[in-house]
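To keep things clear, I will list the structure first and then write my remarks on it.
Number of protein chains: 2
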Amino acid sequence: MKIGIIGLGLIGSSLGLALRQRGHQVLGVSRTEPICHLAQARRIVDEASPHFSLLATTEIVFICTPMSAIAPTLESLIPHLIPETIITDVGSVKTAVVGACSPLWHNFVGGHPLAGTERSGIDAAQPDLFKNAPYVLTPTDTTPTESVKILQELITSLGAVVQVCTPTEHDQAVAWISHLPVMISAGLVKTVSEEQDVTLLELAQTLASSGFRDTSRVGGGNPELGVMMAKYNQKALARSLHHYRRNLDQIIDLIEQEQWQSLQQIFEATRRDRSKFLR
Amino acid sequence: MKIGIIGLGLIGSSLGLALRQRGHQVLGVSRTEPICHLAQARRIVDEASPHFSLLATTEIVFICTPMSAIAPTLESLIPHLIPETIITDVGSVKTAVVGACSPLWHNFVGGHPLAGTERSGIDAAQPDLFKNAPYVLTPTDTTPTESVKILQELITSLGAVVQVCTPTEHDQAVAWISHLPVMISAGLVKTVSEEQDVTLLELAQTLASSGFRDTSRVGGGNPELGVMMAKYNQKALARSLHHYRRNLDQIIDLIEQEQWQSLQQIFEATRRDRSKFLR
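If you read the sequences in order, they're chains A and B. This note's numbering applies: residue 1 is where the first sequence begins, and numbers increase by one. This note's numbering applies: residue 1 is where the second sequence begins, and numbers increase by one.
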C-alpha cells in the first residue's frame with residue numbers, strides 16, 4: 001500500500017520502519033527539514049517532505065503529531081487528498097480527537113497504539129515497537145466499516161493486538177490504567193517532598209527504595225504529557241479521581257478506626273484483582 | 001563475637017549467613033525444629049535450637065520475628081541472658097517496638113534493615129542481602145552509647161549503610177516512602193477493579209501496561225504486611241494519608257477548574273523532586 005505518515009517522532013518513525021519492513025511504500029511529512037532528510041537517510045520512509053502534497057495519492061495516512069495538532073493538521077491536509085484516503089491518528093485520548101476530526105473527514109478512524117519507550121523522537125524509532133502491544137481503534141456509527149477492516153488488518157500485520165471500542169470506552173479505560181496512576185503517583189511525590197523537617201526529608205530520601213521508586217515513577221515523568229492527559233481526558237479522569245478519593249477515604253477511616261480485619265480484606269482483594277491486569 | 005538470632009526467616013537467615021562469613025559464631029533459635037535442622041545443615045548458623053537457653057552467653061541477640069512477637073519474645077528470653085547482652089530487633093516500625101522493649105531490657109537497640117526480596121523464608125536467605133542497603137538504628141536517650149557503637153560497627157561490616165535516628169523519625173520516614181505508597185497503590189487497584197461495566201473493566205485489564213503495573217505493585221502485595229504497617233505505624237501513616245488527600249484534592253480541583261499552568265508546575269516539581277529520592 002501507499003501510506004503517509006505525518007509527524008516523525010517515536011510513533012511515526014517506528015510505524016515507518018515497521019510498514020517498510022512489510023513492503024509498503026511509506027511517505028513521511030515533517031515540518032522540520034532536517035528530520036525529513038534523516039528519515040530518508042535512515043530508510044524510515046521512502047520519501048519525505050515538509051509539504052502535504054506528497055501525500056496526494058496515499059491510501060492511508062497516519063497523523064502522528066502531538067494531540068493538540070491532530071485536528072489542525074487534518075484541516076490543512078484535506079485539500080491535498082483524494083476522497084478514498086483513510087485517515088487515522090495515534091493520539092492517546094480519543095473522544096476529543098474523534099469529535100473534532102470525524103466531521104472533517106468521513107473516512108477518519110481514531111487510533112491509539114499503547115506502545116512506547118522511555119525515550120522519544122526519531123532516534124528512538126524501532127520497527128518492533130508495536131509487537132504484542134495493544135492498539136485501539138475507535139470507530140463511530142458513521143465510520144465506514146471497510147476502512148476499519150483495512151486498518152485492522154494492516155495494524156495486525158505489525159504484530160499489534162487490535163481492540164475496537166468506542167472513543168468514550170477507550171478514554172475511560174485509559175483514565176483507569178494510565179491517567180489516574182499518573183495523578184496519584186504525582187500526588188505521592190508532591191506530598192513526601194513537602195515534608196518541612198529537613199532531617200526527616202533527607203532520611204526519607206535515603207531510605208526510599210523499590211517501593212517508592214515504582215509507585216512514584218509515572219508521577220515523575222514528562223510534565224507536558226501529564227497536563228495533556230488531564231486536559232484532553234478531563235471528564236473521565238475527574239470521574240476516576242473522585243472514585244479513587246472515596247476509596248482513599250475509606251482506607252483512611254479503616255486505619256483510624258482500627259478496622260484491621262476490613263483492611264486485610266481490602267488487601268486480599270487488591271492482591272487478587274491486580275493479577276487480572278497483568279496477564 | 002558470639003551472636004544469637006531468634007527467628008530464621010529471610011532476614012534472620014541472611015544475617016546468619018552474613019555474620020558467619022565474617023567469622024562470628026552464630027547461634028539460631030526457631031520454634032520450628034525442622035527449621036533448626038535446616039539452618040544448621042545449610043550452615044546458616046553454627047548451632048540451632050528451639051530453646052532460648054542456647055543464647056545464654058551471647059554478646060548480641062537479633063530478634064527477627066514478626067513485629068507482634070518481638071516484645072513477647074524478649075520477655076521470654078530475658079531469664080536466660082547475662083546482663084551484658086545487647087538485644088536488637090529488625091521490625092519495620094520502631095516507636096511501638098522500642099516503647100515496649102526498652103523498659104524490659106536496658107541494653108535494647110531498635111533496628112530496621114531496609115532490605116528484602118520478593119521471596120521470604122529461610123529458602124530465600126542470601127549473605128549479600130544487606131550490602132549497600134540502609135539499616136536504621138533507633139536508640140533512645142537511655143540506650144547505652146557503647147551498645148549502639150558496637151552494633152553500628154557490626155552492621156557496617158556487613159556492607160549496610162547505618163542511619164541513626166529516633167524511633168519517631170524512623171516511623172515518619174517509612175510512612176512516607178514505604179507505608180503511604182502501599183495504601184495509595186492499593187487504593188488504585190481497588191478503584192479500577194470496581195468498574196461496574198464488564199466490557200470496560202476487561203478493556204482496562206487488556207490495556208494495562210508498565211504504568212499500571214509499577215503504580216499498583218506494592219498495593220497488590222502481602223495483605224498481612226499491609227495491615228501490619230497500618231496497625232503498628234497508625235499515627236504517622238494517618239498523618240501522611242491526610243496530607244496526601246489534601247494534595248489529591250488540589251490536583252482534582254486544578255483539573256476541574258482547568259488550571260493547566262498550575263498543574264504543569266506541579267508535574268515539573270514532581271519530576272525534579274522524585275530524582276532526590278533515587279540517588
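Glycine included, each C-beta is placed from N, C-alpha and C at the ideal position.
Residues that Gly187(A) contacts on chain B, provided the C-beta gap is smaller than 8 Å: For the purposes of this step, residue 187(A) is taken as residue 187 along the first sequence, with counting starting at 1. Neighbours of Gly187(A) on chain B, chain order: Ile184, Tyr244, Asn247, Leu248, Ile251.
Gln250(B) versus Asp273(A), Arg42(A), Ala186(A), residue with shortest Cα-Cα distance: Numbered from 1 along the second sequence, position 250 holds the residue referred to as residue 250(B). Among Asp273(A), Arg42(A), Ala186(A), the Cα nearest to that of Gln250(B) belongs to Ala186(A).
Pair within 7 Å by beta-carbon distance, Asn233(B) and Thr191(A): Sequence index remark: in the second sequence, residue 233(B) carries index 233 (1-based). Sequence index remark: in the first sequence, residue 191(A) carries index 191 (1-based). No, they are not a contact pair.
The stretch 249 to 273 of chain A: positions lying closer than 9 Å to chain B by Cβ: Within the stretch 249 to 273 of chain A, the qualifying residues are Asp249, Gln250, Ile251, Ile252, Leu254, Ile255, Glu256, Glu258, Trp260, Gln261, Leu263, Gln264, Gln265, Ile266, Phe267, Glu268, Ala269, Thr270, Arg271, Arg272, Asp273.
Beta-carbon spacing of Thr57(B), Thr65(B) below 7 Å: Locating residue 57(B) in the second sequence gives position 57, counting from the first residue. Locating residue 65(B) in the second sequence gives position 65, counting from the first residue. Taking a C-beta distance under 7 Å as the contact criterion, Thr57(B) and Thr65(B) do not qualify as a contact pair.
Where the alpha helix (DSSP H) containing Ser157(A) begins and where it ends: Looking up residue 157(A) in the first sequence gives position 157. Segment: none, Ser157(A) is in no alpha helix (DSSP H) and carries neither H nor E.
Cβ neighbour criterion (16 or more within 10 Å) applied to Asp197(A): In the first sequence, the residue the question calls residue 197(A) occupies position 197. Asp197(A) is exposed by the Cβ-count criterion.
Assigned exposure category for Gln261(B) - 16 Cβ within 10 Å defines buried: Taking the second sequence and counting its residues from 1, one reaches residue 261(B) at position 261. Exposed is the call here.
Glu169(B) burial status per 10 Å Cβ neighbour count (16 or more: buried): For the purposes of this step, residue 169(B) is identified with residue 169 of the second sequence, where counting begins at 1. Within a 10 Å sphere around the beta-carbon of Glu169(B) sit 16 or more other beta-carbons, which makes this residue buried.
Through-space distance from Gly28(B) to Asp46(B), alpha-carbon basis: One-based indexing of the second sequence puts residue 46(B) at position 46. One-based indexing of the second sequence puts residue 28(B) at position 28. For the pair Asp46(B) and Gly28(B), the Cα-to-Cα distance works out to about 8 Å.
Any 3 or more C-beta pairs closer than 8 Å across the stretch 129 to 145 of chain A and the stretch 194 to 212 of chain A: Flag = no, the stretch 129 to 145 of chain A and the stretch 194 to 212 of chain A do not touch.
Contacts that Arg213(A) makes with chain B (C-beta to C-beta distance below 7 Å): Locating residue 213(A) in the first sequence gives position 213, where the first residue counts as 1. Contact note: Arg213(A) reaches chain B through Leu278, using a C-beta cutoff of 7 Å and chain order.
Minimum Cβ-Cβ distance from Arg239(B) to chain A less than 7 Å: Translated into the one-based positions of the second sequence, residue 239(B) becomes position 239. Answer no: the Cβ-Cβ gap between Arg239(B) and chain A never drops below 7 Å.
Three-state secondary structure (DSSP) of Gly121(B): Position 121 of the second sequence, counting from 1, holds the residue named residue 121(B). DSSP places Gly121(B) in coil when its eight states are reduced to three.
Counted within 10 angstroms of its Cβ, other Cβ atoms place Leu15(B) as buried (16 or more) or exposed: Sequence index remark: in the second sequence, residue 15(B) carries index 15 (1-based). Leu15(B) comes out buried.
CA-to-CA distance, Gly226(A) to Ile5(A), given in whole angstroms: As a working note, residue 5(A) is residue 5 in the first sequence. As a working note, residue 226(A) is residue 226 in the first sequence. Using only the alpha carbons, I get a separation of about 25 Å.
Distance, Gly219(B) Cα to Pro113(A) Cα: As a working mapping, residue 113(A) is identified with position 113 in the first sequence. As a working mapping, residue 219(B) is identified with position 219 in the second sequence. Across the structure, Pro113(A) and Gly219(B) are spaced so that their CA atoms are roughly 27 Å apart.
Leu201(B) vs Ile177(A) beta-carbon contact at 7 Å: Residue numbering aside, residue 201(B) sits at position 201 when the second sequence is read from its first letter. Residue numbering aside, residue 177(A) sits at position 177 when the first sequence is read from its first letter. Cβ distance not < 7 Å, so Leu201(B) and Ile177(A) don't count as in contact.
Sub-7 Å separation of Gly281(A) and Val97(A) beta-carbons: What is shown of chain A runs 1 to 279, which leaves residue 281(A) out entirely.
Spatial distance of Ser53(A) from Leu241(B) (CA atoms): Counting from one through the first sequence, the residue named residue 53(A) turns up at place 53. Counting from one through the second sequence, the residue named residue 241(B) turns up at place 241. Distance between the alpha carbons of Ser53(A) and Leu241(B) is about 56 Å.
Contacts of Gly110(B) in chain A (Cβ-Cβ under 9 Å): As a first step, residue 110(B) must be located in the second sequence, where it is residue number 110. Listed along chain A is no residue with a C-beta nearer than 9 Å to that of Gly110(B); the closest approach is about 15 Å.
Gln27(A) (DSSP reduced to helix, strand or coil): Locating residue 27(A) in the first sequence gives position 27, where the first residue counts as 1. It should be pointed out that residue 27(A) corresponds to Leu in this sequence rather than to Gln. Reduced to three states, the DSSP call for Leu27(A) is strand.
Sheet register partners of Lys2(B) (DSSP bridge): Here residue 2(B) refers to the residue found at position 2 when the second sequence is read from its first residue. Answer is Gln25(B).
6 Å CB neighbourhood of Ile155(B) in its chain, flanking five on each side removed: Here the question's residue 155(B) lines up with position 155 in the second sequence. Within the same chain, and ignoring the five residues on either side of Ile155(B) in sequence, the residues whose Cβ sits closer than 6 Å to its Cβ are Tyr135, Val162.
Test item: CB-CB of Met67(A) and Met229(A) under 7 Å: Your numbering for residue 67(A) matches position 67 in the first sequence. Your numbering for residue 229(A) matches position 229 in the first sequence. Going by C-beta atoms, Met67(A) is not nearer than 7 Å to Met229(A).
Exposure of Asp141(B), with buried meaning 16 or more beta-carbon neighbours within 10 Å: As a working mapping, residue 141(B) is identified with position 141 in the second sequence. With fewer than 16 Cβ atoms within 10 Å of its Cβ, Asp141(B) is classed as exposed.
Check whether Pro223(B) and Phe277(A) have beta carbons under 7 Å apart: As a first step, residue 223(B) is located in the second sequence; it is residue number 223 there, counting from the start. As a first step, residue 277(A) is located in the first sequence; it is residue number 277 there, counting from the start. The answer is no: Cβ separation not under 7 Å.
Cross-strand partners of Thr138(B) (DSSP beta bridge): In the second sequence, residue 138(B) corresponds to position 138, counting from 1. BP columns for Thr138(B) point to Gly110(B).
Within chain B, the residues that Pro134(A) reaches when beta carbons sit closer than 7 Å: Along the first sequence, read from residue 1 onward, the residue named residue 134(A) stands at position 134. Neighbours of Pro134(A) on chain B, chain order: Thr206, Leu207.
Closer than 9 Å at the beta carbon, the chain B residues around Ser178(A): For the purposes of this step, residue 178(A) is taken as residue 178 along the first sequence, with counting starting at 1. Contact annotation for Ser178(A) against chain B: Leu207, Ala208, Ser209, Gly211, Phe212 [CB-CB distance below 9 Å, chain order].
Beta-carbon proximity check, Met1(B) vs Glu84(B), cutoff 7 Å: For this step, residue 1(B) is matched to residue 1 along the second sequence. For this step, residue 84(B) is matched to residue 84 along the second sequence. No, the pair does not count as a contact, with Cβ atoms beyond the cut-off.
Chain-ordered neighbours of Leu203(B) on chain A, where CB pairs are closer than 7 Å: Working through the second sequence from its first residue, we reach residue 203(B) at position 203. Chain-ordered, the chain A residues with CB closer than 7 Å to the CB of Leu203(B) read Gln163, Cys165, Glu169, Ala173.
Of the residues Thr117(A), Ala124(A), Phe62(A), the one placed nearest Gly211(B), counting alpha carbons only: For the purposes of this step, residue 211(B) is taken as residue 211 along the second sequence, with counting starting at 1. Of the candidates Thr117(A), Ala124(A), Phe62(A), the one whose C-alpha sits nearest the C-alpha of Gly211(B) is Thr117(A).
Beta carbon of Leu151(B) nearer than 7 Å to that of Thr88(B): Residue mapping note: residue 151(B) aligns to position 151 of the second sequence, counting from 1. Residue mapping note: residue 88(B) aligns to position 88 of the second sequence, counting from 1. Taking 7 Å as the cut-off, the beta carbon of Leu151(B) is found closer than this to the beta carbon of Thr88(B).
Partner residues on chain B for Arg217(A), Cβ-Cβ distance less than 9 Å: If you number the first sequence from 1, residue 217(A) lands on position 217. For Arg217(A), the chain B residues whose C-beta falls within less than 9 Å of its own C-beta are Ser210, Gly211, Asp214, Thr215, Arg274, listed in chain order.
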